[in-house]
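Asks: Encoded as structure tokens, here's the structure I'll be asking about.
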Amino acid sequence: PKTKELIMKGIPERYRGEMWMVYSGAIIEMANHKGYYQSILKQCMGKCTLATDEIERDLHRSLPEHPAFQASEGIDALRRVLTAYAFRNPSIGYCQAMNIVTSVLLLYANEEESFWLLVSLCERLLPDYYNTRVVGALVDQGVFDELTKQHLPKIHDKLEVLGVVRTVTLSWFLTLFLCSMPFNSAVRVVDAFFYDGAQVVFQIALYVLKANEDVILKCNDDGEAMTILANYLNQVGNRDINTDQTKLLSHVDVSDLITKSYEHYSQVSSEVIENMRFRQRLEVVQRLEDSATRSFMRTMQELTKFPTDILQGLYFLFKAEFMKRSYWSRCLPKEDKTVDPSNFILEQYTIDYEQFRTIFGALSQWSKPPPDPLLDQIYRLCANKEGLINFQEFAVRLSTISIGDHHAKLRLLYDLHLHPALPTMNENAEVGVEAMHYFDDSDVT
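Quick note on my numbering: the sequence shown kicks off at 486 and runs consecutively.
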């Protein structure tokens with residue numbers, strides 16, 4: 486198509502922001518949400534969160550060589566756009582690389598337009614790329630690995646031996662080559678990306694490997710391969726802008742790179758990528774969960790002193806109870822946007838009162854047939870404000886009862902006779918001062 490041919494030659498700078506808005510669909514979202522950006526700015530500016538702290542840390546790392554971000558005006562605009570998006574979508578908040586991409590958006594679009602372009606990028610064009618675990622980017626790394634194996638089997642085998650494919654290409658996908666190519670060349674890749682979607686990044690990445698096939702196959706280590714690819718991308722020029730001096734240093738022109746990428750890998754379509762993403766997502770999510778679970782189990786073993794096999798058995802039992810409740814009641818807990826992402830595995834599975842009474846009652850040495858007031862007190866001590874108990878609370882209390890020393894058991898009994906474990910306790914009732922001092926002093930020592 487004529488439009489595609491023109492895009493490959495590059496969008497004129499004066500029209501670039503407008504064309505990005507049109508091809509990304511951001512112009513429609515902005516028209517349908519008039520005043521939204523200004524409204525969310527009023528709500529979020531001046532508030533401090535983990536996301537705003539991370540944004541402040543990265544502001545001056547965003548295209549520091551560009552004059553627009555060497556003055557407060559550009560930095561302030563970048564801060565507002567990133568902060569507004571973090572408050573719009575707390576499940577993503579802020580992720581490194583968002584600052585690089587947003588900086589480029591602001592060079593060609595105004596603040597509000599840049600905000601909606603960022604929305605399109607994070608929520609439609611590159612879904613799940615910019616969250617805490619960069620799941621989308623990891624999925625696409627798996628897709629790219631699969632595509633490399635299909636189209637460039639020799640390079641795939643070599644890079645697999647060197648262990649470099651996913652390492653070197655992650656930044657290509659996260660920043661759309663903005664951190665890998667000279668700016669005036671990389672922005673042409675962004676033109677093609679907004680027009681044709683993520684397939685452009687895959688096609689260019691494949692062609693970059695193909696163009697360097699001979700030298701990559703001769704590499705002796707991962708460092709050499711990464712240097713070759715980095716040097717190649719760093720010398721991608723733009724003949725429409727480059728001076729005579731930089732033209733001499735450029736081995737390939739960005740227009741030729743994009744055109745050849747389309748020609749060689751036109752079969753790598755959006756449909757093909759989506760099908761591969763579906764398969765890869767299952768593997769990536771399972772791999773991330775397995776890794777998080779192993780880390781969580783190590784922490785839990787320190788807290789409970791349960792042997793590994795017993796702790797794992799308890800965890801799978803607890804998880805099975807959660808899945809049972811989710812299946813039969815269809816009442817999955819609502820996502821808590823305030824939860825620290827590092828606590829995801831802790832808050833992922835919870836049980837309610839009936840489930841707690843069933844499994845804790847069966848396992849605990851302190852339980853007796855219902856009604857059991859002590860079991861109810863343990864539940865109230867462990868439950869959160871929604872009346873649910875996470876695995877850590879469950880396992881720690883059970884370990885105290887089962888294998889804890891006398892001091893730990895006494896402390897638990899003491900806590901069970903205070904609020905919230907004993908809700909009917911008179912607020913004016915005297916608390917055993919000696920007991921309170923005993924536990925406070927012993928906890929310090």
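Just so you know, even glycine gets a beta-carbon here, dropped at the ideal spot from N, CA and C.
Assess, as a yes-or-no matter, whether the segment 597-614 is touched by the segment 501-509 under the definition of 3 or more beta carbon pairs within less than 8 Å.
Replies: yes
Asks: Under a three-way DSSP split, which group does THR534 fall into?
Replies: The three-state secondary structure of THR534, taken from DSSP, is coil.
Asks: Could you give the C-beta distance for VAL674 and PHE662, rounded to a whole number, given that I count them as a contact under 8 Å?
Replies: 5 Å
Asks: Going along the chain, which residues of its own chain have a beta-carbon closer than 6 Å to the beta-carbon of TYR570, five neighbours each way excluded?
Replies: LEU603
Asks: Please report how far the alpha carbon of TYR717 lies from the alpha carbon of VAL693, in whole angstroms.
Replies: 8 Å
Asks: What does VAL721 pair with, by DSSP beta-bridge criteria?
Replies: VAL737
Asks: Between the C-alpha atoms of TYR800 and LEU903, what's the straight-line distance to the nearest angstrom?
Replies: 28 Å
Asks: At what residues does the alpha helix (DSSP H) containing TRP505 begin and finish?
Replies: Annotation: the continuous alpha helix (DSSP H) that includes TRP505 extends over 498-509.
Asks: Considering ASN760, what are the terminal residues of the alpha helix (DSSP H) in which it resides?
Replies: 755-789
Asks: Measure the Cβ-Cβ separation of ILE886 and PHE841 and say whether it is below 8 Å.
Replies: no
Asks: Helix, strand or coil, according to DSSP, for ILE492 in the structure here?
Replies: helix
Asks: Return the residue from the list ARG573, SER547, GLN833, VAL620 that minimises the CA-CA distance to THR587.
Replies: SER547
Asks: Restricting to Cα atoms, I'd like to know which of ALA536, LYS489, LEU702, PHE687 is closest to VAL757.
Replies: PHE687
Asks: Quick test of the definition: if touching needs 3 or more C-beta pairs under 8 Å, does the segment 634-648 touch the segment 780-793?
Replies: no
Asks: Which residues mark the beginning and the end of the alpha helix (DSSP H) in which LEU544 is found?
Replies: Segment: none, LEU544 is in no alpha helix (DSSP H) and carries neither H nor E.
Asks: Out of curiosity, what's the CA-to-CA distance linking ALA594 and LEU491?
Replies: 20 Å
Asks: Report all residues from its chain with a CB closer than 6 Å to the CB of GLY578; omit the five preceding and five following residues, and keep chain order.
Replies: Only residues of its own chain outside the window of five on either side were considered, and among them ALA536, ALA571 have a CB closer than 6 Å to the CB of GLY578, listed in chain order.
Asks: With VAL619 and VAL770 assumed to form a contact (beta carbons below 8 Å), what rounded beta-carbon distance in angstroms separates them?
Replies: That pair is no contact at about 12 Å.
Asks: Taking the alpha carbon of ALA516 as the reference point, which residue from LYS489, PHE600, TYR864 has its own alpha carbon closest?
Replies: PHE600
Asks: At 4 residues or longer, and completely inside the segment 851-888: list those alpha helix (DSSP H) runs for me, N to C.
Replies: 858-867, 876-888
Asks: My understanding is that LYS791 touches SER884, with C-beta atoms under 8 Å, so please give their C-beta distance in whole angstroms.
Replies: Before going further, note that residue 791 is Phe rather than Lys in the sequence given. Going by Cβ atoms, the distance from PHE791 to SER884 rounds to 6 Å, so yes, they are a contact pair.
Asks: Can you tell which of LEU655, VAL672, VAL649 has its C-alpha closest to the C-alpha of LEU998?
Replies: Absent from the model: residue 998. The displayed extent of the chain is 486 to 930, so no value can be given.
Asks: Do the segment 667-682 and the segment 631-640 make contact, defined as three or more Cβ pairs closer than 8 Å?
Replies: no
Asks: Can you tell me which of the three DSSP states ILE577 falls into?
Replies: ILE577: coil per DSSP, three-state reduction.
Asks: What is the rounded straight-line gap between the Cα of GLU806 and the Cα of PHE876?
Replies: 11 Å
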